[in-house]
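K.L.:
Numbering (my numbering), first residue to last: 243 to 951.
Glycine included, every Cβ here is placed at the ideal spot set by N, Cα and C.
Next up is a structure, given as structure tokens.
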């Protein structure tokens with residue numbers, strides 16, 4: 243697996259963070275807000291099953307030690323990676339509890355995070371066992387708990403980090419081999435009792451047990467602090483002037499090497515270093531006077547914590563951990579490879595990485611989302627059962643609805659052939675609001691997994707739709723937008739759709755004239771949005787007068803009759819605006835009346851209308867109109883969205899719009915004017931007259947446009 247060091251914005255963030263950390267004297271934990279996620283069961287029965295509330299999730303960070311460049315970089319990277327998820331609408335800001343504190347203080351940090359209702363906690367623990375009871379309390383509340391950078395053996399608590407023991411063994415083995423298996427050395431450890439230090443010192447002891455001629459003269463703690471490490475090493479050099487070597491870790495390695503440089507013995511003791519830019523630059527300086535100088539720098543990447551954040555988010559999204567890929571004492575450890583080890587052979591590579599980095603930067607690697615999924619999560623498989631999708635359509639006296647139902651059946655057949663869905667359960671009839679409520683009740687009674695509803699009223703179905711949502715059914719309003727909590731919408735922007743043709747009409751009239759409007763069903767969601775769009779456009783043209791408005795009931799014959807009445811009442815009419823199949827009837831009425839000058843009118847993206855347009859051009863070559871397609875394909879596109887949601891794919895809510903942020907807005911596939919009329923006629927060559935120019939998104943287009951990668 244390839245790991246990628248961070249080379250970008252983090253340098254600046256870290257410098258700012260270090261200045262803030264250096265200036266603070268934290269007596270009580272500081273709190274900052276950032277993103278989270280719900281929990282997933284570990285192998286222990288102590289982790290209860292939890293129903294995900296869905297994003298955005300809130301993630302808490304508990305860090306009890308800020309006097310360390312490692313922790314500064316860690317926090318900066320956590321904030322940076324979390325911003326990715328915030329931009330996708332998956333997380334809120336992190337809730338950060340970070341201060342120099344003891345075990346009791348870190349317990350308080352964890353209690354604070356639980357009180358703030360976080361969905362997941364990333365904890366960098368200060369003690370091997372001291373937090374156990376509090377961490378188990380968090381697990382019992384359904385919170386995902388992940389120990390980062392060091393392993394705990396607590397039922398239900400996951401661990402994300404390198405193998406600290408193996409990390410230490412790498413440099414300890416290098417030291418032993420460079421000494422030829424013999425000599426006197428000293429050890430400078432971190433905080434005794436700290437989980438990472440315990441594991442590391444176990445690794446060092448394990449290596450040294452294989453080299454009986456290497457004697458450890460002394461061991462002391464450098465408290466993971468550069469200055470303390472330098473003082474301890476100075477003391478060792480004074481006590482043991484002929485020292486052969488030393489082993490240490492993290493920032494203390496910089497202090498230790500500075501102590502050696504200051505003492506300037508004839509022969510430098512062989513020592514290990516750290517994968518930090520400051521150390522590599524110091525190494526480069528030493529080489530100028532001592533070209534035979536050697537050391538090793540093993541990176542302990544702060545990136546394991548943001549990698550842990552990625553793991554937490556994917557767990558909260560319901561992705562299943564592949565437990566066969568986990569290790570550790572309780573089988574709950576995500577073991578991250580060490581991204582880089584620097585020796586004399588690749589020192590230049592390390593220095594190149596450090597060119598644009600601050601001295602405090604640790605050579606790092608943060609796994610991508612895809613790497614996390616590929617490495618630690620179960621690959622997505624086909625659905626274990628077939629899904630059943632219901633259709634509620636309250637209006638069948640429309641070619642649009644006929645094409646819509648036919649396309650839904652056709653697209654669903656694709657999924658049936660793949661074993662993903664059963665046949666559609668279709669409730670379709672000319673009915674009123676009460677009748678459509680009964681349709682929805684029938685679908686719920688039949689146990690459907692998702693409902694696509696083409697609603698007959700803006701508000702009349704709300705209670706029934708919310709009832710369906712409360713039963714765990716995915717509910718999608720197609721072709722028109724509802725503002726109902728939990729109900730998704732899939733369709734074009736009806737208001738903008740109407741504005742396109744209304745603006746064309748106004749401009750063709752030169753901004754003045756007398757017109758009439760033929761609308762669909764008053765109160766119907768799509769008609770309401772459309773007429774708002776028309777009104778919005780006409781408000782910008784005060785010299786265009788609307789003489790009358792009537793409903794054509796989205797019916798060609800009714801539209802023709804209404805237009806005939808208007809022409810009789812207003813024989814000098816300048817223009818008209820209408821929509822859908824009524825446009826065909828309206829144009830037929832104009833042809834029948836045959837005025838000396840045809841009123842300017844709008845049309846529909848239907849083959850029958852385009853062919854009628856072509857006929858008119860034979861006698862009136864200057865005739866113009868516009869045909870904006872309202873594609874029935876938004877409904878089968880909605881079916882694709884529903885199936886992918888049922889398969890557990892995660893919607894990218896940043897791509898949604900609408901009144902409640904739950905609308906999948908589909909682009910209008912085509913607009914026909916005189917400039918591309920032939921293109922429309924070519925599409926219609928093998929199509930029936932009733933065919934509406936259409937567009938159905940493919941599965942891949944749906945995933946690429948609306949779902950998280």
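Classify residue 838 as buried or exposed, calling it buried when 16 or more other Cβ atoms lie within 10 Å of its own Cβ.
P.N.:
Position 596 of the chain shown, counted from the start, is the residue given in the question as residue 838. Exposed, because fewer than 16 other Cβ atoms sit within 10 Å of the Cβ of residue 838.
K.L.:
I'd like to know if the region 405-424 and the region 343-361 are in contact, where contact means that at least 3 CB-CB pairs between them fall below 8 Å.
P.N.:
Touching, no, given that fewer than three Cβ pairs across the two stretches are closer than 8 Å.
K.L.:
Quick check on the DSSP output: the beta strand (DSSP E) that includes residue 793 runs from which residue to which?
P.N.:
As a working mapping, residue 793 is identified with position 551 in the chain shown. Its beta strand (DSSP E) spans residues 786-793.
K.L.:
Three or more beta-carbon pairs under 8 Å between the region 524-533 and the region 554-572, yes or no?
P.N.:
Not touching, per the Cβ criterion.
K.L.:
For residue 559 and residue 773, what's the separation of their Cα atoms in angstroms?
P.N.:
For the purposes of this step, residue 559 is taken as the residue at position 317 of the chain shown. For the purposes of this step, residue 773 is taken as the residue at position 531 of the chain shown. Going from the Cα of residue 559 to the Cα of residue 773 covers about 40 Å.
K.L.:
When we look at the beta-carbon of residue 632 and count the other beta-carbons within 10 Å, is it buried (16 or more) or exposed?
P.N.:
If you number the chain shown from 1, residue 632 lands on position 390. Looking at its Cβ environment, which holds 16 or more other Cβ atoms inside 10 Å, residue 632 is buried.
K.L.:
Out of 789, 781, 584 and 771, state which residue places its alpha-carbon closest to the alpha-carbon of residue 745.
P.N.:
Numbered from 1 along the chain shown, position 503 holds the residue referred to as residue 745. Checking every option, the nearest Cα to that of residue 745 belongs to 781.
K.L.:
Under a three-way DSSP split, which group does residue 335 fall into?
P.N.:
As a first step, residue 335 must be located in the chain shown, where it is residue number 93. In this structure, residue 335 counts as strand in the three-state DSSP scheme.
K.L.:
So residue 432 and residue 491 are supposed to be a Cβ contact under 8 Å. How far apart are they, rounded?
P.N.:
As a position in the chain shown, residue 432 is number 190, starting the count at 1. As a position in the chain shown, residue 491 is number 249, starting the count at 1. Right, their Cβ atoms sit about 6 Å apart.
K.L.:
Using the C-alpha atoms, what's the distance from residue 607 back to residue 338?
P.N.:
Walking along the chain shown from the start, residue 338 turns up at place 96. Walking along the chain shown from the start, residue 607 turns up at place 365. Straight-line Cα distance between these residues: approximately 22 Å.
K.L.:
In the DSSP assignment, what are the bridge partners of residue 819?
P.N.:
As a first step, residue 819 must be located in the chain shown, where it is residue number 577. Looking at the DSSP assignment, residue 819 forms a beta bridge with 759.
K.L.:
Would a check of beta-carbon distances place residue 663 closer than 8 Å to chain D?
P.N.:
In the structure shown, chain D does not exist; there is a single protein chain.
K.L.:
Which term fits residue 940, buried or exposed, when burial requires 16 or more other beta carbons within 10 angstroms of its beta carbon?
P.N.:
Working through the chain shown from its first residue, we reach residue 940 at position 698. Flag for residue 940 reads exposed.
K.L.:
State the beta-bridge partners of residue 516 as determined by DSSP.
P.N.:
One-based indexing of the chain shown puts residue 516 at position 274. 540, per the DSSP bridge assignment.
K.L.:
In its own chain, which residues sit with a C-beta less than 6 Å from the C-beta of residue 516, not counting the 5 before and 5 after it?
P.N.:
Numbered from 1 along the chain shown, position 274 holds the residue referred to as residue 516. Cβ neighbours of residue 516 beyond the five flanking positions: 492, 495 and 539.
K.L.:
Is the distance from the Cβ of residue 799 to the Cβ of residue 776 below 8 Å?
P.N.:
Taking the chain shown and counting its residues from 1, one reaches residue 799 at position 557. Taking the chain shown and counting its residues from 1, one reaches residue 776 at position 534. Cβ atoms of residue 799 and residue 776: not closer than 8 Å.
K.L.:
Can you grab the Cα-Cα spacing for the pair residue 436 / residue 508, in whole Å?
P.N.:
Counted from its first residue, the chain shown places residue 436 at position 194. Counted from its first residue, the chain shown places residue 508 at position 266. Cα-Cα distance, rounded: 36 Å.
K.L.:
Which residue from 789, 810, 820 and 758 puts its Cα closest to that of residue 797?
P.N.:
Position 555 of the chain shown holds residue 797. Answer by Cα proximity: 820.
K.L.:
Per DSSP, which one or two residues make a beta bridge with residue 462?
P.N.:
Taking the chain shown and counting its residues from 1, the one referred to as residue 462 is at position 220. Per DSSP, 430.
K.L.:
For the region 647-735, which segments carrying the alpha helix (DSSP H) assignment without a break, of at least 4 residues, lie completely within its bounds, in sequence order?
P.N.:
Runs of the alpha helix (DSSP H) inside the region 647-735: 675-687 and 704-712.
K.L.:
Rounded to the nearest angstrom, how far is the Cβ of residue 793 from that of residue 762, given a contact under 8 Å?
P.N.:
Against the chain shown, residue 793 aligns to sequence position 551. Against the chain shown, residue 762 aligns to sequence position 520. Yes, they are in contact, since the Cβ atoms of residue 793 and residue 762 sit about 7 Å apart, within 8 Å.
K.L.:
Between the alpha carbons of residue 937 and residue 727, how many angstroms are there, rounded?
P.N.:
Start at 1 with the first residue of the chain shown, and residue 937 comes out as number 695. Start at 1 with the first residue of the chain shown, and residue 727 comes out as number 485. In a straight line, the C-alpha of residue 937 is about 28 Å away from that of residue 727.
K.L.:
Can you list, in chain order, the residues of its chain whose CB lies under 8 Å from that of residue 949, leaving out five sequence neighbours each side?
P.N.:
The residue given as residue 949 occupies position 707 in the chain shown. If we look at residue 949 and ignore the five residues flanking it on each side, its Cβ neighbours are 886, 891, 892, 893 and 894.
K.L.:
Do residue 578 and residue 620 come within 8 Å of each other at the CB atom, strictly closer than that value?
P.N.:
Sequence index remark: in the chain shown, residue 620 carries index 378 (1-based). Sequence index remark: in the chain shown, residue 578 carries index 336 (1-based). No, the pair does not count as a contact, with Cβ atoms beyond the cut-off.
K.L.:
Tell me whether the beta-carbon of residue 396 lies closer than 8 Å to the beta-carbon of residue 377.
P.N.:
Sequence index remark: in the chain shown, residue 396 carries index 154 (1-based). Sequence index remark: in the chain shown, residue 377 carries index 135 (1-based). The answer is yes: Cβ separation under 8 Å.
K.L.:
Can you check the region 309-353 for any beta strand (DSSP E) of at least 3 residues that lies completely inside it and give the ranges in chain order?
P.N.:
Complete beta strand (DSSP E) runs here, min 3: 335-340.
K.L.:
Label residue 638 either buried or exposed according to how many other C-beta atoms from any shown protein chain fall within 10 Å of its C-beta, with 16 as the threshold for buried.
P.N.:
Along the chain shown, read from residue 1 onward, the residue named residue 638 stands at position 396. Residue 638 should be labelled exposed.
K.L.:
Helix, strand or coil for residue 922 per DSSP?
P.N.:
Within the chain shown, residue 922 is the residue found at index 680, counting from 1. DSSP places residue 922 in helix when its eight states are reduced to three.
K.L.:
Specify the secondary structure class of residue 439 as computed by DSSP and reduced to three states.
P.N.:
Numbered from 1 along the chain shown, position 197 holds the residue referred to as residue 439. DSSP places residue 439 in helix when its eight states are reduced to three.
K.L.:
On the DSSP bridge assignment, give the partners of residue 301 in chain order.
P.N.:
Residue mapping note: residue 301 aligns to position 59 of the chain shown, counting from 1. BP columns for residue 301 point to 362.
K.L.:
I'd like to check one pair, residue 544 with residue 604: are the Cβ atoms closer than 8 Å?
P.N.:
For the purposes of this step, residue 604 is taken as the residue at position 362 of the chain shown. For the purposes of this step, residue 544 is taken as the residue at position 302 of the chain shown. Their beta carbons are under 8 Å apart, which means residue 604 touches residue 544 by this criterion.
K.L.:
Count the other C-beta atoms from every protein chain shown that fall within 10 angstroms of the C-beta of residue 878, then say buried if there are 16 or more, exposed otherwise.
P.N.:
The residue you call residue 878 lines up with position 636 of the chain shown. Buried, since its Cβ has 16 or more Cβ neighbours within 10 Å.
K.L.:
Could you tell me the boundaries of the beta strand (DSSP E) in which residue 576 lies?
P.N.:
Numbered from its first residue, the chain shown carries residue 576 at position 334. Here the beta strand (DSSP E) through residue 576 covers 575-577.
K.L.:
Taking C-alpha atoms, which residue in 881, 919, 874 and 849 lies nearest to residue 929?
P.N.:
Locating residue 929 in the chain shown gives position 687, counting from the first residue. Comparing Cα-Cα distances from residue 929 to each of 881, 919, 874 and 849, the minimum goes to 849.
K.L.:
Quick check on the burial criterion: 16 or more other C-beta atoms within 10 angstroms. Buried or exposed for residue 764?
P.N.:
Position 522 of the chain shown holds residue 764. It counts as exposed.
K.L.:
Could you pull the DSSP bridge partners for residue 374 from this structure?
P.N.:
Taking the first residue of the chain shown as 1, we reach residue 374 at position 132. DSSP output for residue 374 lists no bridge partner at all.
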